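Asker:
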Amino acid sequence: MSIEELSGKERSRYARHLMLPEVGQVGQERLKAASVLCVGAGGLGSPLLLYLAAAGVGRIGIVDGDVVELSNLQRQVIHGMDWLGQSKGRSAAHRLQELNPHCQVEVH
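Every letter in the sequence shown is one number past the one before it in the working numbering, and letter 97, counting from 1, is 771.
See the structure below:
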């Protein structure tokens, strides 16, 4: 994993992380250089994906062959009404890009 430098906008976005001695500049750059594959964008995967994107993980992959159903919405917080009947992977990817455009999101 090669370390990627943070842009000015990223430094502003992650300012609270950068102040933490446990994270700091080096830690945030490591998050940006990291890749994570999440299998499932349902009850457990959806909050995980939101936190990964918010934290600044650079590349996020999503695997989920299911579609968003109305009964999912009370516990799968990444999906919304506009995505009913559509791919959970694409729904999640769309939301992550809204949340953090600095992350590269790929649906598998």
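Even glycine gets a Cβ: it sits at the ideal position worked out from N, Cα and C. These figures come from a predicted structure and were not determined experimentally.
Could you pull out every residue in the same chain whose Cβ sits closer than 7 Å to the Cβ of Q750, ignoring the five residues on either side in sequence?
Answerer: In the sequence shown, the residue the question calls residue 750 occupies position 76. So the qualifying residues of the chain are G716, G717 and S720.
Asker: In terms of residues, what are the limits of the beta strand (DSSP E) holding L705?
Answerer: If you number the sequence shown from 1, residue 705 lands on position 31. From DSSP, L705 is part of no beta strand (DSSP E) but of the alpha helix (DSSP H) over G698 to A707.
Asker: Just checking my contact of A708 with V731 at CB under 8 Å: how many whole Å lie between their CB atoms?
Answerer: Counted from its first residue, the sequence shown places residue 708 at position 34. Counted from its first residue, the sequence shown places residue 731 at position 57. Confirmed, about 5 Å.
Asker: Which residue comes first and which comes last in the alpha helix (DSSP H) that contains Q771?
Answerer: Position 97 of the sequence shown holds residue 771. Counting along the chain, the alpha helix (DSSP H) containing Q771 begins and ends at K762 to L773.
Asker: Here's a check: name, in chain order, each residue in its chain whose Cβ is nearer than 6 Å to the Cβ of K706, leaving out the five neighbours to either side.
Answerer: For the purposes of this step, residue 706 is taken as the residue at position 32 of the sequence shown. Taken in chain order, the residues that qualify are E678, G730 and G732.
Asker: If contacts are defined as beta-carbon pairs under 8 Å, then L744 and L758 qualify, I think. What distance do you get, rounded to the angstrom?
Answerer: Taking the sequence shown and counting its residues from 1, the one referred to as residue 744 is at position 70. Taking the sequence shown and counting its residues from 1, the one referred to as residue 758 is at position 84. With a Cβ gap of about 6 Å, L744 and L758 count as contacting.
Asker: Kindly list the residues whose CB is nearer than 8 Å to the CB of Q778, restricted to its own chain and excluding five residues on each side of it in sequence; keep chain order.
Answerer: For the purposes of this step, residue 778 is taken as the residue at position 104 of the sequence shown. Taking Q778 as the centre and dropping the five residues before and after it, the same chain places the C-beta of G732, R733 and I734 closer than 8 Å to its C-beta, in chain order.
Asker: Run through DSSP, which three-state label would G735 get?
Answerer: Mapped onto the sequence shown, residue 735 falls at position 61. In the three-state reduction of the DSSP assignment, G735 falls in the strand class, which pools E and B.
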